[in-house]
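Data block below; observations after.
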Amino acid sequence: MANINHLESISVLFDRYRIFYNQASNLEAAKEFLKERFKNNDSVVFAANDNGELVGFVQLYPSFSSVSMKRVWILNDLYVEESHRRRGIAKLLMNVAEEYAK
50 MANINHLESI SVLFDRYRIF YNQASNLEAA KEFLKERFKN NDSVVFAAND NGELVGFVQL
110 YPSFSSVSMK RVWILNDLYV EESHRRRGIA KLLMNVAEEY AK
């Protein structure tokens, strides 16, 4: 699980994720957004590491289900560096997110 100590690396990935969805690059805003998520425990972030380099992440946000009267997790963000795609990293991140949510 990523934490505030991973802020620099996760922020770069998060900025690239937003660019992928046609948003303007803004690394400082990305860093501030994630810093607040970590600080306030607003989300959970899992990162994929390849030889010491973070190459992907998944971010989950907590919510609640009235029907089950339990906490549920919304997978909102999933990103893998283009150079590391088609290697099963996204599937690994999805599996980790699913296990955490259970």
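Numbering (the working numbering) for the sequence shown: 50 to 151. Even for Gly, the Cβ is constructed at its ideal location relative to N, Cα and C.
Original post:
Going along the chain, which unbroken runs of the beta strand (DSSP E) with 3 or more residues stay wholly within the segment 65 to 100?
Top reply: Every beta strand (DSSP E) stretch that sits fully inside the segment 65 to 100 and reaches 3 residues is listed by chain position as 93 to 99.
**OP:** Look at the alpha carbon of residue 105 and the alpha carbon of residue 138, and state the distance between them as a whole number of angstroms.
**Re:** Spanning the two alpha carbons is a distance of roughly 7 Å.
**OP:** Quick one: using the 10 Å Cβ neighbour count with 16 as the cut-off for buried, is residue 95 buried or exposed?
**Re:** Taking every protein chain shown into account, the CB of residue 95 has 16 or more other CB atoms within 10 angstroms, so this residue is buried.
Subject >> Anticipated Cβ contact below 8 Å, residue 97 with residue 127, distance rounded >> reply: About 10 Å; that fails the 8 Å criterion.
Subject >> Backbone CA spacing between residue 101 and residue 115 [nearest angstrom] >> reply: Computed Cα separation, rounded: 41 Å.
Original post:
Which residue comes first and which comes last in the alpha helix (DSSP H) that contains residue 145?
Top reply: Where residue 145 is concerned, the enclosing alpha helix (DSSP H) stretches over 138 to 150.
Original post:
First and last residue of the beta strand (DSSP E) that includes residue 121?
Top reply: Where residue 121 is concerned, the enclosing beta strand (DSSP E) stretches over 119 to 129.
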